[in-house]
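Take a look at the structure below.
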Amino acid sequence: MFKISLNIIACFKWVVDHEDIKVNPETNELVLDRAGYRISDYDRFAIEEAVALSEQYGGSTTAVTVGFPAAKKSLKDALARGPEKAIFINDPAFANLEPSQTAAILAQSINNQEFDLIICGEGSGDLYAQQVGPRLAEHLNIPCASFVRKITIEGRELIAERRVDEGIEIISMPLPALVTVLPEINSPRVPGLKDTLAASKKPVVEITGSDLEETVPCLETVEIKATTMERNCEKFDANEDDLKRFVEVLLRAGVID
Amino acid sequence: MAGVWVFAENYEHGLELLQIGRSLADKTGVELTAFACGDKEVGQQYIYYGAHQVFILPPLAEDQPLETYVPAIAEVARQEDPDIFLFAATLRGKEIAARVAARLNTGLCSECIELDIKDNKLEMKRVLYGGAALQTIICKTRPQMATIPVHTFTSVTDLDNTRQGIIKEFDPISSTPVKVRDRQPRAQESGDITRSRVLVCVGRGVEKEEDLKLARELAEILGGDLACTRPIAEELHWMPQETYIGLSGQTVKPELYIGLGISGQIQHTTGIRDSRIICTINKDEDAPIFKISDYGIVGDLYKVVPFLSQELARLKKK
Ligand SMILES: Cc1cc2nc3c(=O)[nH]c(=O)nc-3n(C[C@H](O)[C@H](O)[C@H](O)COP(=O)(O)OP(=O)(O)OC[C@H]3O[C@@H](n4cnc5c(N)ncnc54)[C@H](O)[C@@H]3O)c2cc1C
Ligand SMILES: Nc1ncnc2c1ncn2[C@@H]1O[C@H](COP(=O)(O)O)[C@@H](O)[C@H]1O
């Protein structure tokens, strides 16, 4: 096949593992200090798509993340998934950014890189704001398609199948461009030992906050509280007596007739 | 005219936003402006339902995607400086809102599920961490923007077709580099699970596509509909996209929810929070779903579901 050679940037976020989130029962506040972190689930699809496209059409992939120093740990994991290099935009102040800031920081850092395509996840695992991708496209003044489930490249055009509320829209746009991708777009490969070893040898470019213009948040958080769900929590076994009792409970509750 | 502005890609969502927009406009004593996409008739209706002003965006050419409106929307907002700007959180609505917010250099609350005016500021709530937490935010820049999931609020009902309002039309919009090549409507018209009284919801504990018939049978006996978790729709493609429940799917409020083979990850359960009764069947007694269930059956769904269907059918006959 004719090689186009694409420089692709995959944006990923290092997010708190939601299964590790604890709640202080007295204040209903979240306790995050012992929580582990991971590459945001949805961004695995973004990295995979970037790597798969560069394998298919030729070219290379750069994984980019904005984070605080502890996010250094994410780089090896990201690189083991196939990108040739990583850019780590790192600052202690980058722990709780809002989407407008993340997009502005990414835009400044990416601006002088050569790229043909930027791929973001549909939303980040923690904020799930679904904003950074489209905002970044606006900052860089490039066309954008969101909620994409299939990408093909024809010359300097990108063809995307994207979800809209009534079904699917197939669009084309010239490169360079940005897409945000849905999980259905691919099945991310699971890195093996060889990939992990190779990852440690790949180059990482570090950019710090002092290299960039400062960003100011537009949003202010007034409060964050755990959501609670109080339920009966009555358990039944799978034997005949218990199941009959279960049906009776539903009858009495008036939800079945 | 500043005030509260609303944008929705279709008429039905537009009426929902008018309802919220009008309550906010009344509370702050400002005017309400709505956008209508390419249809003067819709704009006229919006006025009858309470908009003081409508902006009629010009019809788009066949190959122009809805996002073609972004520069025009951002430009008029820059000139007129609204206080509050709300968008219906359809897939395209979310992209348009994010891009308009970027152009206006302002903050955007995504998928706002509650909002109110406090000290003349818009206070907005949204979920974080997949549904584990609720965040309250305010926006310090102008306009204060939010996307609102559809069906979060009721539509306006009090139509008054003597109402007068200002109608402003836009010039035709020049094309953007993104072109629509084709559109494919949804394959099957699946029912709207957000309105179901009873929902039987399947998860990955169901091993094969053909086993969905066990769940379908139970749903039929209960007079309910079938729903699923995200992987069933998005990874396995066994059920239509519109039938999965959760953070990135539908929010449902049935009288009865019965979950089969579902682990209970927060991204799913956040969508069933308002169900009246939650029942679940899972063979793992430590599955997190039991913590948020009213009645949980610890057992193999392949044994439990046929028995329940049989038992319910027997009772029905009586
Ligand atoms: C940002 C984000 C957004 C997301 N949004 C959504 C969303 O909107 N909706 C959604 O659903 N998910 C969403 N997810 C995915 C979510 O985190 C879970 O991965 C998903 O809900 C799990 O689906 P499941 O319960 O069907 O499968 P699993 O987690 O694999 O659970 C299967 C369960 O079936 C049980 N089981 C297996 N065999 C049997 C049997 N024979 N009988 C009885 N029980 C059995 C197992 O014990 C297990 O508990 C999102 C994830 C992220 C990161
Ligand atoms: N800190 C970050 N670093 C790099 N990419 C990010 C970051 N935050 C968000 N993104 C990208 O933007 C997408 C949407 O994020 P969000 O707007 O927070 O839902 C994610 O799926 C990532 O691809």
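Going line by line, the protein sequences match chains A and B. If you use the numbering used here, the first sequence closes out at 703, no skipped numbers anywhere. If you use the numbering used here, the second sequence closes out at 390, no skipped numbers anywhere. We put the CB at the ideal spot given by N, CA and C, even for glycine.
Next on the checklist: Quick check on ILE714 (chain A): does DSSP put it in helix, strand or coil?
Outcome noted: As displayed, chain A neither begins before 447 nor continues past 703, which places residue 714 (chain A) out of reach and without an answer.
Item to check | Identity of the residue in A:THR508, A:ILE564, A:THR626, A:LYS681 nearest ALA575 (chain A) by Cα | outcome: Of the candidates A:THR508, A:ILE564, A:THR626, A:LYS681, the one whose C-alpha sits nearest the C-alpha of ALA575 (chain A) is A:THR626.
Checklist entry - If you measure from the beta carbon of LEU328 (chain B) to each beta carbon in chain A, is any gap under 7 angstroms? => result yes
Checklist entry - Can you find a C-beta in chain B that's less than 7 angstroms from the C-beta of CYS566 (chain A)? => result Chain B has no Cβ within less than 7 angstroms of the Cβ of CYS566 (chain A).
Checklist entry - Distance, Cα to Cα, LEU132 (chain B) vs GLY655 (chain A)? => result 42 angstroms
Checklist entry - Does ASP356 (chain B) have its Cβ less than 7 angstroms from a Cβ in chain A? => result no
Checklist entry - If you measure from the beta carbon of PHE458 (chain A) to each beta carbon in chain B, is any gap under 7 angstroms? => result no
Next on the checklist: Please state whether the Cβ-Cβ distance between GLY89 (chain B) and LEU158 (chain B) is less than 7 angstroms.
Outcome noted: Gly is not the amino acid found at residue 89 (chain B); the sequence shown has Leu there. In this structure, LEU158 (chain B) lies closer than 7 angstroms to LEU89 (chain B) by Cβ.
Item to check | THR162 (chain B) versus ALA80 (chain B) - alpha carbon distance | outcome: 8 angstroms
Next on the checklist: So, with DSSP's three-state summary, where would you put PRO515 (chain A)?
Outcome noted: helix
Checklist entry - Which bits of chain B does PRO620 (chain A) rub up against, with CB to CB less than 7 angstroms? => result The answer, in chain order, is PRO249.
Item to check | Listed by chain order, chain B residues near PRO634 (chain A) by CB distance under 7 angstroms | outcome: The premise fails here: PRO634 (chain A) is roughly 11 angstroms from chain B at the closest Cβ pair, so nothing lies under 7 angstroms.
Next on the checklist: For LEU129 (chain B) and ALA108 (chain B), I'd like the C-alpha separation in whole angstroms.
Outcome noted: Taking the Cα positions, LEU129 (chain B) is about 6 angstroms away from ALA108 (chain B).
Checklist entry - Does the Cβ-Cβ distance between ALA174 (chain B) and GLU584 (chain A) come in under 7 angstroms? => result A distance below 7 angstroms separates the beta carbons of ALA174 (chain B) and GLU584 (chain A).
Next on the checklist: With a threshold of 7 angstroms between beta carbons, is SER592 (chain A) in contact with chain B?
Outcome noted: By this cut-off, SER592 (chain A) is an interface position.
Item to check | Residue of A:LEU621, A:LYS459, A:ALA496, A:PRO589 minimising C-alpha distance to VAL512 (chain A) | outcome: A:LYS459
Checklist entry - Of all the CB atoms in chain A, is at least one closer than 7 angstroms to the CB of LYS193 (chain B)? => result no
Checklist entry - Could you give the distance in angstroms between the alpha-carbon of PRO580 (chain A) and the alpha-carbon of GLU186 (chain B)? => result 24 angstroms
Next on the checklist: Strictly below 7 angstroms CB to CB, what residues from chain A border THR162 (chain B)?
Outcome noted: ASP611
Next on the checklist: Using only the alpha-carbon positions, how far apart do ARG602 (chain A) and ASN192 (chain B) sit?
Outcome noted: Computed Cα separation, rounded: 49 angstroms.
Checklist entry - By the criterion of Cβ-Cβ separation under 7 angstroms, what are the contact partners of ASP254 (chain B) in chain A? => result ILE616
Item to check | Between the CA atoms of ILE616 (chain A) and VAL252 (chain B) - distance to the nearest angstrom | outcome: 6 angstroms
Checklist entry - Heavy atom of ligand 1 less than 6 angstroms from the Cβ of THR323 (chain B), yes or no? => result no
Item to check | Cβ contact check for the region 668-679 of chain A and the region 188-207 of chain B: 3 or more pairs under 8 angstroms | outcome: yes
Item to check | Cβ distance (whole Å) where ILE653 (chain A) is taken to contact PRO622 (chain A) below 8 angstroms | outcome: That pair is no contact at about 20 angstroms.
Checklist entry - Under a three-way DSSP split, which group does GLN322 (chain B) fall into? => result strand
Checklist entry - What's the C-alpha gap between LEU658 (chain A) and TYR367 (chain B)? => result 54 angstroms
Item to check | Which listed residue (B:GLY202, B:GLY115, B:ILE238, B:PRO244) has its alpha carbon closest to that of ILE395 (chain B) | outcome: What the structure shows of chain B is the stretch from 73 to 390, and residue 395 (chain B) is not part of that stretch, so it cannot be assessed.
Checklist entry - Do you know whose CA, among A:ASP572, A:VAL662, A:LYS640, lies nearest ILE485 (chain A)'s CA? => result Ranking A:ASP572, A:VAL662, A:LYS640 by Cα distance to ILE485 (chain A) puts A:ASP572 first.
Next on the checklist: Can you pull out the residues from the region 536-559 of chain A whose beta carbon lies closer than 8 angstroms to at least one beta carbon of chain B?
Outcome noted: GLU544, PRO545, SER546, ALA549
Checklist entry - Can you list, in chain order, the residues of the region 660-689 of chain A whose Cβ is nearer than 8 angstroms to any Cβ on chain B? => result PRO663, CYS664, LEU665, GLU666, THR667, VAL668, GLU669, ILE670, LYS671, ALA672, THR673, MET675, ARG677, ASN678, CYS679, GLU680, LYS681, PHE682, ASP683, ALA684, GLU686, ASP688, LEU689
Item to check | Cβ of PHE561 (chain A) within 7 angstroms of any chain B Cβ | outcome: no
Checklist entry - Should PRO471 (chain A) be flagged as near chain B, meaning a C-beta pair shorter than 7 angstroms? => result no
Next on the checklist: Quick test of the definition: if touching needs 3 or more C-beta pairs under 8 angstroms, does the region 533-542 of chain A touch the region 489-496 of chain A?
Outcome noted: no
Next on the checklist: Assuming ILE565 (chain A) and ALA496 (chain A) are in contact, meaning their beta carbons sit under 8 angstroms apart, how far apart are those beta carbons, in whole angstroms?
Outcome noted: 5 angstroms
Item to check | Pair within 7 angstroms by beta-carbon distance, GLU327 (chain B) and ARG345 (chain B) | outcome: no
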